[in-house]
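**Student:**
There are 2 protein chains.
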Amino acid sequence: MTRTDSVWLRSDPSPRTRPALSRQRIVEAAVHLLDRDGIERLTMRSLAGHLSVTPTALYWHVKTKEDVLDLAFDHVFADVPVPPSTGDWRADVRALVRSWRAAMLRHPWAPSLVGRPALGPNVLARTEFLQAAFVRGGVAGLDLTVKTRLLANFVIGSAVTEAIWRRADPSAARGRITADPASYPTLTASGHLDAGRWSDDELFERALDAILTSSDQSKEVR
Amino acid sequence: MTRTDSVWLRSDPSPRTRPALSRQRIVEAAVHLLDRDGIERLTMRSLAGHLSVTPTALYWHVKTKEDVLDLAFDHVFADVPVPPSTGDWRADVRALVRSWRAAMLRHPWAPSLVGRPALGPNVLARTEFLQAAFVRGGVAGLDLTVKTRLLANFVIGSAVTEAIWRRADPSAARGRITADPASYPTLTASGHLDAGRWSDDELFERALDAILTSSDQSKEVR
DNA sequence: CATTGAACTTAACAGCGTTAGAGTCCTATC
DNA sequence: GATAGGACTCTAACGCTGTTAAGTTCAATG
Chain A
8 MTRTDSVWLR SDPSPRTRPA LSRQRIVEAA VHLLDRDGIE RLTMRSLAGH
58 LSVTPTALYW HVKTKEDVLD LAFDHVFADV PVPPSTGDWR ADVRALVRSW
108 RAAMLRHPWA PSLVGRPALG PNVLARTEFL QAAFVRGGVA GLDLTVKTRL
158 LANFVIGSAV TEAIWRRADP SAARGRITAD PASYPTLTAS GHLDAGRWSD
208 DELFERALDA ILTSSDQSKE VR
Chain B
8 MTRTDSVWLR SDPSPRTRPA LSRQRIVEAA VHLLDRDGIE RLTMRSLAGH
58 LSVTPTALYW HVKTKEDVLD LAFDHVFADV PVPPSTGDWR ADVRALVRSW
108 RAAMLRHPWA PSLVGRPALG PNVLARTEFL QAAFVRGGVA GLDLTVKTRL
158 LANFVIGSAV TEAIWRRADP SAARGRITAD PASYPTLTAS GHLDAGRWSD
208 DELFERALDA ILTSSDQSKE VR
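Chains as they are written, first to last, in the numbering used here: chain A, 8 to 229; chain B, 8 to 229.
(1) Look up residue 130 of chain A in the DSSP assignment and say whether it is helix, strand or coil.
(2) From A/150, A/208 and A/166, pick the residue whose C-alpha is nearest to that of residue 120 of chain A; which is it?
(3) Using a Cβ-Cβ cut-off of 8 Å, state whether residue 214 of chain A counts as contacting chain B.
(4) Should residue 1 of chain B go down as buried or exposed, given a rule of 16 or more other Cβ atoms within 10 Å for buried?
(5) Give the DSSP-derived three-state secondary structure of residue 243 of chain B in the structure shown.
(6) By a C-beta neighbour count over all protein chains shown, 10 Å radius and 16 as the cutoff for buried, is residue 152 of chain A buried or exposed?
(7) Going by C-alpha to C-alpha distance, which of B/175, B/171, B/101 and B/201 sits closest to residue 181 of chain B?
(8) Would you verify that the beta carbon of residue 218 of chain A is, or is not, closer than 8 Å to some beta carbon of chain B?
(9) Are the beta-carbon atoms belonging to residue 137 of chain B and residue 158 of chain B less than 8 Å from one another?
(10) Identify whether residue 123 of chain B lies in helix, strand or coil by the three-state DSSP scheme.
(11) Which of the three DSSP states, helix, strand or coil, is assigned to residue 191 of chain A?
(12) Starting from residue 172 of chain A and walking both ways along the alpha helix (DSSP H), at which residues does that stretch end?
(13) Would residue 161 of chain A and residue 164 of chain B qualify as a contact pair, given that the criterion is a beta-carbon distance under 8 Å?
(14) Hey, how far is the Cα of residue 4 of chain B from the Cα of residue 64 of chain A?
(15) At a CB-CB cut-off below 9 Å, which residues of chain A make contact with residue 112 of chain B?
(16) With C-beta atoms as the reference, is residue 130 of chain B less than 8 Å away from residue 79 of chain B?
(17) At least one CB of chain A closer than 8 Å to the CB of residue 165 of chain B: is that the case?
(18) At the 8 Å Cβ level, is residue 100 of chain B part of the contact set with chain A, yes or no?
(19) Residues of chain A with a CB under 7 Å from the CB of residue 205 of chain B: which are they?
(20) Helix, strand or coil for residue 56 of chain B per DSSP?
(21) Under the rule that 16 or more other beta-carbon atoms within 10 Å means buried, what is residue 18 of chain A, buried or exposed?
(22) Sort B/125, B/134, B/58 and B/57 by Cα distance to residue 76 of chain B and report the nearest one.
(23) Taking Cβ-Cβ distances below 8 Å as the criterion, which residues of the stretch 43-57 of chain A are in contact with chain B?
(24) Alpha carbon to alpha carbon, how far is residue 150 of chain A from residue 188 of chain B? Give it in angstroms, no decimals.
(25) Which residue wins for smallest C-alpha separation from residue 56 of chain B, given the options B/70, B/134 and B/33?
(26) Taking Cβ positions, are residue 83 of chain A and residue 106 of chain A nearer each other than 8 Å?
(27) Is the beta carbon of residue 169 of chain A closer than 8 Å to that of residue 219 of chain A?
(28) Just how far apart, CA to CA, sit residue 81 of chain A and residue 97 of chain B?
(29) DSSP state of residue 215 of chain B, grouped into three classes?
(30) Using the beta-carbon count (16 or more within 10 Å), is residue 154 of chain A buried or exposed?
(31) Does DSSP put residue 220 of chain A in a helix, in a strand, or in coil?
(32) Using a beta-carbon distance below 8 Å, is residue 97 of chain B in contact with chain A?
Put into structure tokens, the structure is as follows:
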């Protein structure tokens with residue numbers, strides 16, 4: 008007489024009593040693979056494989072691949088928490104904008120997803136913080152919307168272009184200009200796209216200075 | 008005796024003695040289809056079909072689909088010529104930046120391609136014009152690079168976000184905020200994402216004012 | 001008239017996102 | 001303690017994609 012309930016005869020000692028998958032786990036795996044392999048290498052099959060699961064299993068937790076990308080994009084901003092609001096609203100604005108850019112550049116695939124509506128909780132929380140800081144500074148009405156959008160658009164544009172030149176070959180890009188100095192005399196002379204002439208960080212900070220300085224002045228004039 | 012050289016007996020009166028296809032024709036067709044059907048509907052097959060040609064025929068003139076997209080993106084800026092440079096360099100900067108944004112918004116698929124290196128002749132010509140105007144205004148060195156990048160990044164960011172909200176449902180987006188007023192008190196109060204409160208054109212112009220005003224001031228201080 | 005090379009076609013491949021439907025397991029209920 | 005049902009995963013397959021390999025056609029050249 009054989010024991011049919013032997014551990015060795017049962018197919019699995021303790022098969023998944025809790026769901027193996029979850030939205031959370033899928034998104035984390037997606038971010039991991041995006042960081043490691045780049046955006047064009049992320050497929051539903053590779054993602055499922057990394058989670059030791061069949062591709063179609065993902066569709067129970069997620070509607071489409073686009074959902075995965077939207078969630079991954081928002082998750083980027085969950086890593087870096089919104090900085091605490093200090094007494095100085097100007098410092099708060101700077102801190103938020105800096106961390107915003109930093110979060111995107113930490114995941115270089117993120118900027119290439121800015122073409123889709125970003126309404127995740129983490130993105131919205133950042134916009135809320137930014138606009139709240141302005142309100143604390145007495146900015147209101149049309150001016151408030153203008154400044155919020157200006158900063159958001161500037162951060163997005165900066166992250167996109169910086170991410171591009173991080174992946175692309177800058178010397179090849181520079182070559183496109185120097186190959187035709189007659190058409191691009193100013194760009195040639197100014198060393199446009201010259202890597203290492205000034206750091207992206209420095210250029211970003213100076214541009215941020217310019218934007219926020221104008222904010223102050225237009226406020227004083229008022 | 009039958010005439011074998013009759014027009015009606017020849018298979019084709021004048022079969023393609025000259026190449027039917029060209030890079031130029033492919034790019035124009037691509038832009039047309041992108042405008043009509045959107046970026047996710049453009050396939051090598053649909054493009055070829057529109058040109059009455061086999062998909063693989065395209066690969067004689069173009070290396071990959073990405074080439075087609077890069078060429079189409081640059082072509083967007085061929086439509087709107089670089090404005091002539093007037094005596095007023097500030098007016099030149101404004102005119103260029105306005106037409107830059109307008110060109111992208113005229114082809115709403117264009118902003119979603121900003122994630123790739125844009126080094127086409129038409130894009131470079133615009134950057135050259137922009138930087139040349141600044142040089143005429145006495146801007147140089149680090150300041151020149153900062154201002155060029157600031158404006159370029161601002162235009163890119165603006166075009167991206169505006170194109171998003173043109174395709175997406177703004178009221179649904181707004182709902183994401185109003186559904187949770189406790190988390191987004193400032194955004195709720197300010198009417199962030201409220202369509203029609205202020206026009207995109209107005210917001211862009213005011214932001215442009217803010218940027219260029221600060222340019223002038225930092226110059227005067229110097 | 002043979003050769004060449006540009007321009008295009010036919011055929012096919014591997015991989016993609018996604019769906020349909022069946023199976024498996026846990027939990028709640030009678 | 002059997003059973004119903006839903007949560008979760010798998011097997012199988014579909015139609016579509018970008019792309020390559022190997023011809024075919026045809027004007028131009030020697």
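Glycine residues also receive a C-beta, built at the ideal position from the N, C-alpha and C atoms.
**Tutor:** From the atom records:
(1) Here the question's residue 130 of chain A lines up with position 123 in the first sequence. Correct three-state label for residue 130 of chain A: helix.
(2) To locate residue 120 of chain A, count along the first sequence from 1; it is residue 113. Per the Cα distances, A/166.
(3) Here the question's residue 214 of chain A lines up with position 207 in the first sequence. With 8 Å as the cut-off, residue 214 of chain A counts as an interface residue toward chain B.
(4) Because chain B spans 8 through 229 in this model, residue 1 of chain B falls outside it and cannot be assessed.
(5) There is simply no residue 243 of chain B to check, as chain B begins at 8 and stops at 229 in what is shown.
(6) In the first sequence, counting from the first residue as 1, residue 152 of chain A sits at position 145. So residue 152 of chain A counts as buried.
(7) Mapped onto the second sequence, residue 181 of chain B falls at position 174. Out of B/175, B/171, B/101 and B/201, B/201 has the C-alpha closest to the C-alpha of residue 181 of chain B.
(8) Counting from 1 along the first sequence, the entry for residue 218 of chain A is found at position 211. Chain B, which has a Cβ nearer than 8 Å to the Cβ of residue 218 of chain A, makes this yes.
(9) Sequence index remark: in the second sequence, residue 137 of chain B carries index 130 (1-based). Sequence index remark: in the second sequence, residue 158 of chain B carries index 151 (1-based). Cβ distance < 8 Å, so residue 137 of chain B and residue 158 of chain B count as in contact.
(10) As a first step, residue 123 of chain B is located in the second sequence; it is residue number 116 there, counting from the start. Of the three classes helix, strand and coil, the one that applies to residue 123 of chain B here is coil, per DSSP.
(11) Here residue 191 of chain A corresponds to residue number 184 of the first sequence, with the count starting at 1. Three-state DSSP puts residue 191 of chain A in coil, outside helix and strand.
(12) One-based indexing of the first sequence puts residue 172 of chain A at position 165. Per DSSP, residue 172 of chain A belongs to the alpha helix (DSSP H) from 148-174.
(13) On the first sequence, residue 161 of chain A is found 154 positions in, with the first residue counted as 1. On the second sequence, residue 164 of chain B is found 157 positions in, with the first residue counted as 1. Yes. Within cutoff.
(14) Within the shown structure, residues of chain B are numbered from 8 to 229, placing residue 4 of chain B beyond reach of any answer.
(15) For the purposes of this step, residue 112 of chain B is taken as the residue at position 105 of the second sequence. What residue 112 of chain B touches in chain A: nothing, since even the nearest Cβ is about 13 Å away.
(16) Numbered from 1 along the second sequence, position 123 holds the residue referred to as residue 130 of chain B. Numbered from 1 along the second sequence, position 72 holds the residue referred to as residue 79 of chain B. The answer is no: Cβ separation not under 8 Å.
(17) Here residue 165 of chain B refers to the residue found at position 158 when the second sequence is read from its first residue. So yes, residue 165 of chain B belongs to the interface.
(18) Position 93 of the second sequence, counting from 1, holds the residue named residue 100 of chain B. Chain A, which has no Cβ nearer than 8 Å to the Cβ of residue 100 of chain B, makes this no.
(19) Reading the second sequence from its first residue, position 198 is the one you call residue 205 of chain B. Here the neighbours are 149 and 152.
(20) Locating residue 56 of chain B in the second sequence gives position 49, where the first residue counts as 1. The answer is helix: DSSP assigns residue 56 of chain B an H, G or I state.
(21) Numbered from 1 along the first sequence, position 11 holds the residue referred to as residue 18 of chain A. Annotation note: pLDDT 45 at residue 18 of chain A (below 50); position unreliable, coordinate value reported separately. Classification of residue 18 of chain A: exposed, given that the 10 Å Cβ count is below 16.
(22) Within the second sequence, the letter at position 69 stands for residue 76 of chain B. Of B/125, B/134, B/58 and B/57, the residue nearest in Cα terms is B/125.
(23) none
(24) By 1-based counting over the second sequence, the position of residue 188 of chain B is 181. By 1-based counting over the first sequence, the position of residue 150 of chain A is 143. Cα to Cα, residue 188 of chain B sits roughly 22 Å from residue 150 of chain A.
(25) As a working mapping, residue 56 of chain B is identified with position 49 in the second sequence. Residue B/33 is the option with its Cα nearest to residue 56 of chain B.
(26) Residue 83 of chain A sits at position 76 when you count from the first residue of the first sequence. Residue 106 of chain A sits at position 99 when you count from the first residue of the first sequence. No.
(27) Along the first sequence, one-based indexing puts residue 219 of chain A at 212. Along the first sequence, one-based indexing puts residue 169 of chain A at 162. The answer is no: Cβ separation not under 8 Å.
(28) Mapped onto the first sequence, residue 81 of chain A falls at position 74. Mapped onto the second sequence, residue 97 of chain B falls at position 90. Approximately 38 Å, taken between the alpha carbons.
(29) Residue mapping note: residue 215 of chain B aligns to position 208 of the second sequence, counting from 1. It is helical.
(30) Taking the first residue of the first sequence as position 1, residue 154 of chain A is located at position 147. Counting Cβ neighbours within 10 Å, residue 154 of chain A comes out buried, since at least 16 surround it.
(31) Within the first sequence, the letter at position 213 stands for residue 220 of chain A. Three-state result, residue 220 of chain A: helix.
(32) Here residue 97 of chain B refers to the residue found at position 90 when the second sequence is read from its first residue. So no, residue 97 of chain B is outside the interface.
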